[in-house]
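Following: one structure in structure tokens, then a few remarks.
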Amino acid sequence: MLDDPYHVNSLVERLSRALDPVEGSPPVPARGDGDLNGAPSPTGRALRPAAVLAPLVMRETGLSVVLTRRADHLSSHAGQISFPGGRLNMGEEAADAALRETEEEIGLPRSNVRLIGRFDPYETVTGFQITPFVGLVDARARFRADPGEVAEIFETPFDFLMNPANHVLEERMFAGQLRRYYAMPHEGRYIWGATAGLLKALADRFNTFR
Numbered sequence: 001m002l003d004d005p006y007h008v009n010s011l012v013e014r015l016s017r018a019l020d021p022v023e024g025s026p027p028v029p030a031r032g033d034g035d036l037n038g039a040p041s042p043t044g045r046a047l048r049p050a051a052v053l054a055p056l057v058m059r060e061t062g063l064s065v066v067l068t069r070r071a072d073h074l075s076s077h078a079g080q081i082s083f084p085g086g087r088l089n090m091g092e093e094a095a096d097a098a099l100r101e102t103e104e105e106i107g108l109p110r111s112n113v114r115l116i117g118r119f120d121p122y123e124t125v126t127g128f129q130i131t132p133f134v135g136l137v138d139a140r141a142r143f144r145a146d147p148g149e150v151a152e153i154f155e156t157p158f159d160f161l162m163n164p165a166n167h168v169l170e171e172r173m174f175a176g177q178l179r180r181y182y183a184m185p186h187e188g189r190y191i192w193g194a195t196a197g198l199l200k201a202l203a204d205r206f207n208t209f210r
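For what it's worth, full-length UniProt numbering labels the leading residue of the sequence shown as 1, then goes sequentially.
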């Protein structure tokens, strides 16, 4: 599926060592949304299972991460930056949900994605437990946004997102409580909240393996 003019294989091998297998039960507890000690957020209700894909594409300038900006008319998280993904259907495996939602949201067929692993599940204050996967995307693939869900598809350099110097600690009031969270502003886009938390979790793993 993929050519290897930019040493993709060596990078994928490093990522694979840092990630958990695609299949199986999560070996680590979920991180909490904005909670720096890794503890789950107290939501007070049952968590709804969801899954996302962190799509990685090798460009001439290096590896990049595909992200989306959610449509402004959505009832929740409108206009925020996120990975493609969403809720699991009844009886659906998390990996299948991540690939299905990715195809629905950005028009990327699963045949153009090679899943290489997953990392820390993540609990959000909005009541979801997210299982995140990493997939290597064919550089020849083309994206097409679903206007009902996605306002914009863009790419951000992997090196920037994995660099701890670019993980900015911020805080704001949410539902009457002071929340602390990471943000990763880049070229006028504000990556924050659960998406930044997921990227921080991925960076923590990736930077362990040199």
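Think of the CB as a built atom: it goes at the ideal place given N, C-alpha and C, for glycine as much as any other residue.
For this session: Would you tell me roughly how many angstroms separate the C-alpha atoms of Asp-138 and Arg-59, rounded to the nearest one?
Result: Taking the first residue of the sequence shown as 1, we reach residue 138 at position 138. Taking the first residue of the sequence shown as 1, we reach residue 59 at position 59. Answer to the nearest angstrom: the Cα atoms are 10 Å apart.
Problem set entry | Simplified DSSP state of Ser-25, which is helix, strand or coil | Locating residue 25 in the sequence shown gives position 25, where the first residue counts as 1. DSSP places Ser-25 in coil when its eight states are reduced to three.
For this session: Have a look at Asp-112 and Ala-54 and give me their C-alpha separation to the nearest angstrom.
Result: Taking the sequence shown and counting its residues from 1, the one referred to as residue 112 is at position 112. Taking the sequence shown and counting its residues from 1, the one referred to as residue 54 is at position 54. Going by the sequence as given, residue 112 is Asn instead of Asp. About 14 Å.
For this session: Compare the Cα-Cα distances from Asn-89 to each of Gly-135, Val-66, Pro-49 and His-167 and report the closest residue.
Result: Along the sequence shown, read from residue 1 onward, the residue named residue 89 stands at position 89. Considering only alpha carbons, the answer is Pro-49.
For this session: Below 6 Å CB to CB, which residues in the same chain sit around Arg-69 once its five sequence neighbours on both sides are set aside?
Result: Residue 69 sits at position 69 when you count from the first residue of the sequence shown. If we look at Arg-69 and ignore the five residues flanking it on each side, its Cβ neighbours are Ile-81, Ala-151 and Glu-152.
Exercise. Which residues in the same chain as residue 212 place their Cβ atom closer than 8 Å to its Cβ, once the five residues preceding and following it in sequence are excluded?
Worked result: The requested residue 212 does not occur in the structure, where the chain is confined to residues 1 to 210.
Exercise. Quick one: Cα of Glu-101 to Cα of Val-57, how far?
Worked result: If you number the sequence shown from 1, residue 101 lands on position 101. If you number the sequence shown from 1, residue 57 lands on position 57. Spanning the two alpha carbons is a distance of roughly 18 Å.
Exercise. Who are Gly-117's beta bridge partners in DSSP?
Worked result: Walking along the sequence shown from the start, residue 117 turns up at place 117. The partner list for Gly-117 (beta bridge, DSSP) reads Val-134.
Exercise. Measuring CB to CB, does Leu-161 end up less than 8 Å from Val-65?
Worked result: Locating residue 161 in the sequence shown gives position 161, counting from the first residue. Locating residue 65 in the sequence shown gives position 65, counting from the first residue. A contact, by the Cβ cut-off of 8 Å.
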